[in-house]
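Engineer:
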Amino acid sequence: EPEVTQTPSHQVTQMGQEVILRCVPISNHLYFYWYRQILGQKVEFLVSFYNNEISEKSEIFDDQFSVERPDGSNFTLKIRSTKLEDSAMYFCASRDVGTPSYEQYFGPGTRLTVT
Amino acid sequence: AQSVSQHNHHVILSEAASLELGCNYSYGGTVNLFWYVQYPGQHLQLLLKYFSGDPLVKGIKGFEAEFIKSKFSFNLRKPSVQWSDTAEYFCAVNADTGNQFYFGTGTSLTVIP
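From first to last, the protein sequence lines stand for chains X and V. Following the numbering used here, the numbering of the first sequence begins with 1 at its first residue and continues without gaps. Following the numbering used here, the numbering of the second sequence begins with 1 at its first residue and continues without gaps.
#1: Does the Cβ-Cβ distance between residue 91 (chain X) and residue 47 (chain V) come in under 8 Å?
#2: Just reading off the beta strand (DSSP E) that residue 10 (chain V) is part of, what are its end residues?
#3: Taking one C-beta from the stretch 23-32 of chain X and one from the stretch 78-88 of chain X each time, how about it: are there three or more such pairs within less than 8 Å?
#4: One question on the structure: do residue 41 (chain X) and residue 107 (chain V) come within less than 8 Å of each other, judged by their Cβ atoms?
#5: Between the stretch 61-74 of chain V and chain X, which residues of the former have CB atoms less than 7 Å from a CB of the latter, in chain order?
#6: Assign residue 42 (chain X) to one of three DSSP states: helix, strand, or coil.
#7: Taking all protein chains shown into account, do 16 or more other C-beta atoms lie within 10 angstroms of the C-beta of residue 37 (chain X), making it buried, or fewer, making it exposed?
#8: Starting from the beta carbon of residue 55 (chain X), find every residue of chain V whose beta carbon is closer than 9 Å, and list them in chain order.
#9: Taking only the alpha-carbon atoms, compute the straight-line gap between residue 113 (chain V) and residue 9 (chain V) and give it to the nearest angstrom.
#10: May I ask you to list the residues that DSSP assigns as paired with residue 30 (chain V)?
#11: Grouping DSSP H, G and I as helix and E and B as strand, with all else coil, what is residue 94 (chain X)?
#12: Looking at chain X, is there any beta carbon in it that lies within less than 8 Å of the beta carbon of residue 86 (chain V)?
#13: Determine, using beta-carbon pairs with one atom in the stretch 6-25 of chain V and one in the stretch 74-93 of chain V, whether at least three such pairs fall under 8 Å.
#14: Determine, using beta carbons only, whether residue 25 (chain X) comes closer than 8 Å to chain V.
#15: Counting only the same chain and skipping the five closest in sequence on each side, list residues whose C-beta sits under 7 Å from that of residue 12 (chain X).
#16: At 9 Å on the CB atoms, spell out the chain V contacts of residue 59 (chain X), in chain order.
#17: Can you tell me the Cα-Cα spacing of residue 86 (chain V) and residue 110 (chain V), whole angstroms?
#18: Between the alpha carbons of residue 32 (chain X) and residue 106 (chain X), how many angstroms are there, rounded?
#19: In its own chain, which residues sit with a C-beta less than 7 Å from the C-beta of residue 109 (chain X), not counting the 5 before and 5 after it?
#20: Under 8 Å between the Cβ atoms of residue 92 (chain V) and residue 51 (chain V)?
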């Protein structure tokens with residue numbers, strides 16, 4: 001069964017550094033998402049991406065965040081200058097445009113630790 | 001804005017006990033409802049979903065959930081839990097006109113053999 005994959009599984013970075021989290025969505029999916037989960041808190045929506053542009057973003061997704069689909073398979077989340085509070089689990093998800101229930105398929109997550 | 005509440009933060013049950021996890025949401029329009037499970041060290045997996053039709057939906061591994069529109073609820077049930085059901089359970093809501101999922105805070109289930 002096709003799966004969403006994410007790399008790396010764990011990323012440790014120093015405050016102020018840039019990080020890029022990578023995701024490979026399911027191949028025939030056209031909607032892509034990033035969510036994050038700070039330890040002990042709920043999973044929060046960051047951004048959705050469709051047709052090579054952001055379709056929706058939350059208040060969390062400020063100017064330090066950006067997303068890109070650099071080629072036909074990868075979907076990346078960049079954090080320009082990381083802060084301690086960016087430490088969280090980041091989940092990528094994708095959806096088939098034909099899914100009537102809007103079901104999203106999630107990757108295993110990248111644990112980002114900012115020191 | 002939509003919100004999702006899961007009332008039980010941590011549940012501990014013995015094997016063969018029955019399970020019910022509460023989920024309530026706030027949104028007046030048409031919604032799609034989901035329960036996801038996250039086993040230790042693994043990613044979020046879909047347990048079941050509701051988007052139309054019979055409000056009682058059956059999912060994988062013997063789980064079911066009932067959508068009660070008047071109560072804005074979508075509670076998850078299983079008649080007899082197993083040790084392998086130990087996991088984190090998340091309720092999620094997606095408005096029929098929207099794109100993003102709104103998640104509850106999650107319920108950690110521990111099943112004691």
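Cβ coordinates follow ideal geometry from the N, Cα and C atoms, glycine included.
Structural biologist: With the given structure in hand:
#1: Taking the first sequence and counting its residues from 1, one reaches residue 91 (chain X) at position 91. Taking the second sequence and counting its residues from 1, one reaches residue 47 (chain V) at position 47. Not closer than 8 Å, so no.
#2: In the second sequence, counting from the first residue as 1, residue 10 (chain V) sits at position 10. 10-14 is the span of the beta strand (DSSP E), which, as asked, contains residue 10 (chain V).
#3: no
#4: For the purposes of this step, residue 41 (chain X) is taken as residue 41 along the first sequence, with counting starting at 1. For the purposes of this step, residue 107 (chain V) is taken as residue 107 along the second sequence, with counting starting at 1. No.
#5: none
#6: Translated into the one-based positions of the first sequence, residue 42 (chain X) becomes position 42. Coil.
#7: Residue 37 (chain X) sits at position 37 when you count from the first residue of the first sequence. By the neighbour-count rule (16 or more Cβ atoms within 10 Å), residue 37 (chain X) is buried.
#8: Sequence index remark: in the first sequence, residue 55 (chain X) carries index 55 (1-based). Here the neighbours are 99.
#9: Indexing the second sequence from 1 puts residue 113 (chain V) at position 113. Indexing the second sequence from 1 puts residue 9 (chain V) at position 9. C-alpha separation (whole angstroms): 20 Å.
#10: Taking the second sequence and counting its residues from 1, the one referred to as residue 30 (chain V) is at position 30. Paired residues: none, contrary to the question.
#11: Residue mapping note: residue 94 (chain X) aligns to position 94 of the first sequence, counting from 1. Residue state, collapsed to three classes: strand.
#12: Against the second sequence, residue 86 (chain V) aligns to sequence position 86. Answer no: the Cβ-Cβ gap between residue 86 (chain V) and chain X never drops below 8 Å.
#13: yes
#14: The residue labelled residue 25 (chain X) in the question sits at position 25 within the first sequence. No - not a single Cβ of chain V is within 8 Å of the one on residue 25 (chain X).
#15: Counting from one through the first sequence, the residue named residue 12 (chain X) turns up at place 12. Around residue 12 (chain X): 113, 115.
#16: Here residue 59 (chain X) is taken as the residue at index 59 of the first sequence, counted from 1. None at all; the shortest Cβ gap to chain V is about 10 Å.
#17: Working through the second sequence from its first residue, we reach residue 86 (chain V) at position 86. Working through the second sequence from its first residue, we reach residue 110 (chain V) at position 110. Computed Cα separation, rounded: 5 Å.
#18: Numbered from its first residue, the first sequence carries residue 32 (chain X) at position 32. Numbered from its first residue, the first sequence carries residue 106 (chain X) at position 106. Taking the straight line joining both Cα atoms gives about 10 Å.
#19: For this step, residue 109 (chain X) is matched to residue 109 along the first sequence. Only 6, 89, 90, 91 meet the Cβ criterion.
#20: If you number the second sequence from 1, residue 92 (chain V) lands on position 92. If you number the second sequence from 1, residue 51 (chain V) lands on position 51. No, Cβ-Cβ distance for residue 92 (chain V) and residue 51 (chain V) is not below 8 Å.
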